[in-house]
Amino acid sequence: MSAQLTLDPAQIPAYGRVFLLEEVGSTNDEATRLLTDPDALVRRSLSTLSLVSTGNQTAGRGRLDRAWTAPAGASLSTSFLVRPHADARYRMNPDSYHWFTLLGALAVVRTLETLGLKGAALKWPNDVLVGEKKICGILAKLVLEPEGQFSLVLGIGLNLNMRAEEVPVPTATSLLLETGQTVELGEVLKLLAQNFELLARALMEAGGDPARPLAGGASLLDRARARMVTLGQKVRVHLPGEEVMEGLALDINEEGELLVRGEDQQVQAYSVGDIVHLRPAPAEDHTP
Ligand code: BT5
């Protein structure tokens, strides 16, 4: 099995450009560089969807500037460049671009299912878990293009051929660890890109409305609700400035906020920016 990332772009014809890199610092940085290239022709070639991907990312980033790490060949790092404004059929307000994070997570879950891993689930707002362990992390970034249009970079890190001794943190897992199966990175990228494209086009056709049916099926919100382990869980919310609250995660609303009922029975909506950490609250101790 080669650690090399190979894929014939003809297999994912919906993508304007497909950049497969042997090694890169961060695919998100590379995608941002492309979207802000002084040469407008570079941007035009990106069309509505493009992607940058590598099996060897050396300076990957998570939220709040945390590091995202994986040994070469063990993980697939991909950034989707999403430019709804490049197609006159789509009218999507950049305020709703954050929905691509949940959409990307759903595309990952579907990809893992095709690869034989059932039961992967979403953790609000940006992780895919197997049980309690993280197999995928997602980081979205809004980018202003030189002509004044906003585009989105959606970075997805997916642990695939990572062995037990290679996991960067004890809370991480991989497809290999869960199924015993090693995969070709290019094969996974093909599936992921196809799944992402289907959902992304459907959301753009729905004008970015998460409550509208996607491609004749359930809405993005309902798909996400059905797959989100966070809902129904007791959670501990760490707010900026040391404040911590515990409550029951009830739902995600149409703004993408998490609704949490606190111990005082009040329901509060939290957005990604409000929450520093979201952890399952420890189970109550019933020992006598
Ligand atoms: C994330 O951040 O989970 C978003 C990760 C996004 C990575 C992709 S790869 C393609 C693109 N290019 C980039 O530079 N980034 C994106 P956050 O929720 O902040 O989680 C970060 C935390 O996850 C770290 O502090 C570690 O605890 C843990 N972590 C680091 N590497 C991991 C890995 N490979 N698997 C699981 N957990 C990891």
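Sequential numbering from 1026 applies to the sequence shown in my numbering.
Ideal placement from N, C-alpha and C gives every residue a C-beta, glycine not left out.
From a predicted model like this one, the values you see are computed outputs, not experimental measurements.
query, result
"Would you check whether ligand 1 has a heavy atom nearer than 7 Å to the C-beta of W1093?", "yes"
"Between the stretch 1238-1251 and the stretch 1056-1067, can you find at least three pairs of beta-carbon atoms closer than 8 Å?", "no"
"Would Y1122 and L1169 qualify as a contact pair, given that the criterion is a beta-carbon distance under 8 Å?", "no"
"Assign E1055 to one of two classes, buried (16 or more other C-beta atoms within 10 Å of its C-beta) or exposed (fewer than that).", "buried"
"If you check the beta carbons only, do A1165 and N1184 fall under 8 Å apart?", "no"
"L1128 and V1334 - do their beta-carbons sit closer together than 8 Å?", "Outside the shown range of the chain, which is 1026 to 1313, sits residue 1334, and nothing can be said about it."
"Measuring CA to CA, which of Q1036, S1070 and S1078 is closest to L1045?", "S1078"
"Which first and last residues belong to the alpha helix (DSSP H) in which E1212 is found?", "L1210 to E1230"
"The alpha helix (DSSP H) with V1067 in it runs from where to where?", "A1065 to S1070"
"Once you ignore the five residues that flank L1224 on each side, which residues in its own chain have a CB closer than 7 Å to its CB?", "L1128, L1131, A1132 and L1239"
"Using C-beta distances below 8 Å, list every residue in its chain close to T1312, excluding the 5 sequence neighbours before and after it, in chain order.", "In this prediction, T1312 has a pLDDT of 48, which is less than 50 and means its spatial position is unreliable; nothing more can be read from the coordinates."
"Less than 8 Å between the CB atoms is what I'm expecting for V1262 and L1303, so what's the real figure, rounded?", "6 Å"
"Kindly indicate which residue of I1181, P1235, P1150 and A1146 has the alpha-carbon position closest to the one of I1163.", "I1181"
"How many angstroms separate the CA atom of L1216 from the CA atom of E1267?", "41 Å"
"Do A1274 and G1257 have their C-beta atoms within less than 8 Å of each other?", "yes"
"Could you check how far apart the C-beta atoms of A1306 and E1271 are, in whole angstroms? I think they sit under 8 Å.", "5 Å"
"Provide the residue(s) that pair with E1118 in DSSP beta bridges, ordered along the chain.", "The question names Glu, yet the displayed sequence has Asn at residue 1118. The partner list for N1118 (beta bridge, DSSP) is empty, contrary to what the question assumes."
"Between R1086, L1089 and V1107, which has its C-alpha nearest S1075's C-alpha?", "V1107"
"Output the boundary residues of the beta strand (DSSP E) element that contains L1140.", "No beta strand (DSSP E) contains L1140, which DSSP labels as neither H nor E."
"Say the cut is 7 Å; is the CB of S1102 nearer than that to a heavy atom of ligand 1?", "yes"
"Do V1134 and R1250 have their CB atoms nearer than 8 Å?", "no"
"Do you know offhand how far L1200's Cα is from T1207's?", "8 Å"
"Between N1220 and T1136, is the Cβ-Cβ spacing less than 8 Å?", "yes"
"Does the distance from the CB of A1092 to the CB of R1086 come in under 8 Å?", "yes"
"Kindly indicate the opening and closing residues of the beta strand (DSSP E) around R1252.", "Note, R1252: premise wrong, no beta strand (DSSP E); alpha helix (DSSP H) at L1245 to R1252."
"With a threshold of 6 Å on Cβ separation, who are the neighbours of C1161 within its own chain once the five nearest residues in sequence on each side are excluded?", "V1133, V1153 and L1183"
"Got a sec? Which residues, its chain only, sit under 6 Å from V1155 by beta carbon, not counting five neighbours each side?", "A1145, T1198 and E1203"
"Going by alpha carbons, who is nearest to L1210 out of R1069, S1070, N1053 and S1102?", "S1102"
"With distance defined between alpha-carbon atoms, name the residue in V1260, Y1040, F1125 and L1030 nearest to P1235.", "F1125"
"Would A1099 and E1222 be called neighbours here (beta carbons separated by less than 8 Å)?", "no"
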